[in-house]
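These notes are about the structure you will find just below.
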Amino acid sequence: MKSPEEIFNFLKEKFGNSVIELKTDKPVDPYIIVDPIEVDKICLLLRDHSELQFDSLMNLSGIDDANGDKVKDENGLESIKGGTLSVYYNIESTSIKHKLTLRVSTNREKPEVVTVTEVWKSADWHEREAYDMYGIVFLNHPDLRRILMPYDWEFGYPLRKDYKNPEFYRGMKVPY
Amino acid sequence: MALKTEEMVLNMGPQHPSTHGVLRLELQLDGEIITNVIPHIGYLHRCFEKHAEAMTYPQVIPYTDRMDYLASMGNEFGYVLGVEKLLNIQLPERVEYIRVIMAELQRIASHLVALGTYGADIGAFTPFLFCFRDREKILNLFEITCGARLLYNYIWIGGLSHDIHPDFIRLTKEFIKEFRPNVKELNDLLSYNRIFIERTANVGVLPLDTAINYGVSGPNLRASGMKWDLRKDDPYSVYHKFDYDIPVGKGEKGKTGDCWDRYYVRVLEMEESLKIIEQAIEQIPEGDVTSAIPKRVKPPEGQVYARVENPRGELGYFIISDGSLNPARVKVRAPSFVTMQVFPELCKGFMVADVVAILGSVDIVLGEIDR
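Heads up: the protein sequence lines correspond to chains A and B, in order.
Heads up, the first sequence is in this note's numbering, so the first residue is 1 and it goes up one at a time.
Heads up, the second sequence is in this note's numbering, so the first residue is 1 and it goes up one at a time.
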């Protein structure tokens, strides 16, 4: 069983600047911030290293940090420019029974994160959901389509904080 | 002369009785053999996560009920566990015991639906009626506790909405006494039925390493032979105080991890739940169940991943708080959502009729897949 500090130091040694920071100041779970383009390699090592064995991805969750500038257009509708979107990975080892949280942050205007489906198959639908809800593009994902929303939904990404409902979808009034 | 064959695509659902809700399966067939299955979900999408961001923390609880509507107590349990971790509050012992009793009663009720409908899927209609008869008694117990039969809003942040009814313990004891022989009856009627075994043994085998890599949890993982249960492996609430066993699949009628194993693990789990309930109602302490409920729920900035062992597997809530009255993000790791991903792997190489048997055995609820 390893503490997040030990894992962070181990990863820092292996990956250098791709492993950015260990956050422990806020409750409840500490997390490690890593680079969105290197996350698949980091996860592969976390899974295959004999002292870590993170063989299971419990949860993968997108989030809109909403830390950009709020801009108002001529109709008074607010939208967010700049800032970041993030993805959290909650992983665990079923044999050693330790847990870890990883976080990557990516640019809101062009959100790109490398997929971890090669490491854990369970990431597949979670990543599709994050794409569906936040528009985060997972590079090298085998099948990146919308999952909960209709396949032809073209009115943006519903869980972004500045999302606005369209008036009509295929002739049906949306806020009915 | 050789016949020219072509791949055929068959659409199953979204309105199909054995998809257990509104699920569409696109079956790619070579004759009657399945080469691939593409599940299409989202027909029941009710924007739970968007709603949660607009609600205060206590207001989210009724929405969690509506995800896995066969195991509402478990859904509330997981959510309040996460918020309580963020708030860092201590609960009266009595609250923990009542929560455990409710969660285990709910597990039995949920498994009864799973087993009953599974029999009905395969063509045995009588067990379905027997299971629903017993489930009805559990719903009556919930009804005298909080007035609702399916969607309870009973477990609150820091406590419970009501204390249990004065008759609750007596009625629960009566229920356990009545229910125990019924499990044997179910075994005689369905589990060891020759036709049932022929339909389910060696069908839809899920190997253990595939199961772990796909994040399969709960009874489906245990049926593949792994002794993994969050009540033991990542204990929460007061589960560490009880003595019970974790049943695993042994490949009794076929290969380990086949449909019959997934079915039978659930049968055995009901007995273990009964053991937990029996011990809990013996040990339950006195106390006030509403004393620790906070007047205003305003957790500090932070994030938490809380999980419980729901009847369908690991139900996780990933909650991010920005220090305000509303959660900034609530992501639900629904067990059925994760299990559904492995479904195409289970079906490949089997017949069309086996899809029904395999889908019934993994026991999904579309309410929590689509949220």
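Positions of the beta carbon are idealized from the N, C-alpha and C atoms, including for glycine.
Check                                                                                                                                           : Outcome
Members of the segment 154 to 165 of chain A near chain B, C-beta cut-off 7 Å                                                                   : Pro158 and Leu159
Three-way DSSP call (helix, strand, coil) for histidine 141 (chain A) in this model                                                             : coil
Three-state secondary structure (DSSP) of aspartate 64 (chain A)                                                                                : strand
Per DSSP, the bridge partner or partners of tyrosine 88 (chain A)                                                                               : A:Ser61 and A:Arg103
Alpha carbon of tyrosine 169 (chain A) to alpha carbon of arginine 145 (chain A), nearest angstrom                                              : 19 Å
Coarse secondary structure for glutamine 59 (chain B), derived from DSSP in three states                                                        : helix
Residues bridged to glycine 204 (chain B) [DSSP beta-bridge criterion]                                                                          : Answer is none; glycine 204 (chain B) lacks a bridge partner.
Close beta carbons around tyrosine 69 (chain B), own chain, < 8 Å, minus the five adjacent residues each side                                   : Leu150, Leu151, Val365 and Gly367
Buried or exposed by the 16-neighbour rule on C-beta atoms within 10 Å, applied to threonine 24 (chain A)                                       : exposed
Per-residue DSSP class, three states only, for tyrosine 118 (chain B)                                                                           : helix
Beta-carbon spacing of tyrosine 151 (chain A), tyrosine 134 (chain A) below 9 Å                                                                 : no
Span of the beta strand (DSSP E), counted from its first residue to its last, around isoleucine 157 (chain B)                                   : Unbroken run through isoleucine 157 (chain B): none, as it is neither H nor E.
Classification of asparagine 75 (chain B) by the beta-carbon crowding that lies within 10 angstroms, buried from 16 upward                      : buried
Residue span of the alpha helix (DSSP H) that contains valine 188 (chain A), given as start and end                                             : No answer is possible for residue 188 (chain A): the residues shown for chain A start at 1 and end at 176.
The segment 130 to 141 of chain B contacting the segment 166 to 182 of chain B, beta-carbon criterion three pairs below 8 Å                     : yes
Contact under 9 Å by Cβ, glutamine 127 (chain B) with leucine 91 (chain B)                                                                      : The question names glutamine, but residue 127 (chain B) in the sequence shown is proline. Not in contact: proline 127 (chain B) and leucine 91 (chain B) (Cβ atoms no closer than 9 Å).
Valine 362 (chain B) and phenylalanine 343 (chain B) closer than 9 Å at C-beta                                                                  : yes
Inter-residue Cα distance where the pair is glutamine 279 (chain B) and arginine 94 (chain B)                                                   : 14 Å
Sequence-distant residues of its chain with Cβ nearer than 8 Å to cysteine 146 (chain B) (five each side left out)                              : Tyr152, Asn153, Tyr154, Ser161 and His162
Proximity below 9 Å, CB of aspartate 370 (chain B) to CB of isoleucine 164 (chain B)                                                            : no
The segment 72 to 86 of chain A in contact with the segment 39 to 58 of chain A per 3-pair CB rule at 8 Å                                       : no
Proline 39 (chain B) versus glycine 21 (chain B): straight-line alpha-carbon distance, rounded                                                  : 13 Å
Contacts around valine 308 (chain B), its chain only, beta-carbon distance under 7 Å, and the 5 residues preceding and following it disregarded : Gly74, Phe77, Gly78, Leu81, Leu230, Tyr236 and Leu315
Contacts of asparagine 88 (chain B) in chain A (Cβ-Cβ under 9 Å)                                                                                : Pro27 and Val28
Reduced DSSP category for proline 327 (chain B) - H, G, I as helix; E, B as strand; rest coil                                                   : strand
Interface flag, proline 289 (chain B) vs chain A, CB-CB below 9 Å                                                                               : Inspection of the sequence shows that residue 289 (chain B) is occupied by valine rather than by proline. Chain A, which has no Cβ nearer than 9 Å to the Cβ of valine 289 (chain B), makes this no.
Sub-9 Å separation of asparagine 59 (chain A) and lysine 331 (chain B) beta-carbons                                                             : yes
Alpha carbon of glutamine 15 (chain B) to alpha carbon of arginine 24 (chain B), nearest angstrom                                               : 8 Å
Rounded straight-line distance, which links the Cα of threonine 256 (chain B) to that of alanine 223 (chain B)                                  : 7 Å
Neighbouring residues, chain A, relative to isoleucine 212 (chain B) (Cβ below 8 Å)                                                             : Asp55, Ser56 and Thr94
Cβ-Cβ separation, threonine 172 (chain B) to glycine 360 (chain B) (assumed contact under 8 Å), whole Å                                         : Actually they are not in contact, since the Cβ atoms of glycine 360 (chain B) and threonine 172 (chain B) sit about 29 Å apart, beyond 8 Å.
DSSP bridge partner residues for leucine 27 (chain B) (one or two, in chain order)                                                              : B:Leu10 and B:Val37
C-beta atoms of aspartate 162 (chain A) and alanine 66 (chain A) nearer than 9 Å                                                                : yes
Cutoff 9 Å: lysine 298 (chain B) Cβ touching any chain A Cβ                                                                                     : no
Whole-number beta carbon distance between tyrosine 31 (chain A) and arginine 103 (chain A), since they are thought to touch under 8 Å           : 5 Å
Candidates B:Pro327, B:Trp228, B:Lys253 and B:Ile34: closest to isoleucine 195 (chain B) by CA position                                         : B:Lys253
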